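Okay, structure first, notes after.
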Amino acid sequence: MTNKSILEQLFDEKKLKILRLFYSGKKEEFYLREISKKTGVPVATTFRFINRLRELGIIEQMEIKKFKLYKLKDSKQTKFLEKILDD
Numbered sequence: 002m003t004n005k006s007i008l009e010q011l012f013d014e015k016k017l018k019i020l021r022l023f024y025s026g027k028k029e030e031f032y033l034r035e036i037s038k039k040t041g042v043p044v045a046t047t048f049r050f051i052n053r054l055r056e057l058g059i060i061e062q063m064e065i066k067k068f069k070l071y072k073l074k075d076s077k078q079t080k081f082l083e084k085i086l087d088d
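In this note's numbering, the protein residues as written are 2 to 88.
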């Protein structure tokens, strides 16, 4: 069994889609509806998971006027996840 298939068995497919989006565009910033549209994950689900990723220190939120943008944080947690997702 490959690492990829193990990840797919352990984690919800929706969460993996969101994580992969952030890792595919490491320096990119995304707004909530954009993440939802690109991954096909409902906005409410995306919102809950984004908040959880923020709590874990994996992504960071930036506010530009009334807009909230999210991007991958440069941290130990993100480097660890990158190793797992790349395998």
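Where a beta carbon is used, it is the ideal one built from N, C-alpha and C, also for glycine.
Owing to the predicted nature of the structure, the values given are computational and were not obtained by experimental measurement.
Item, Value
"Exposure label - residue 81; buried when at least 16 CB within 10 Å", "exposed"
"C-alpha distance - residue 69 paired with residue 35, whole-angstrom precision", "11 Å"
"Nearest candidate by alpha-carbon position, reference residue 26, set 77, 65, 60", "60"
"Buried versus exposed call for residue 42 [16 or more other C-beta atoms within 10 Å across all chains shown]", "buried"
"Among 22, 23, 12, 32, the one whose alpha carbon lies nearest that of residue 67", "32"
"Assigned secondary structure, residue 59 (DSSP; H/G/I helix, E/B strand, else coil)", "coil"
"Delimiting residues of the beta strand (DSSP E) encompassing residue 69", "68 to 73"
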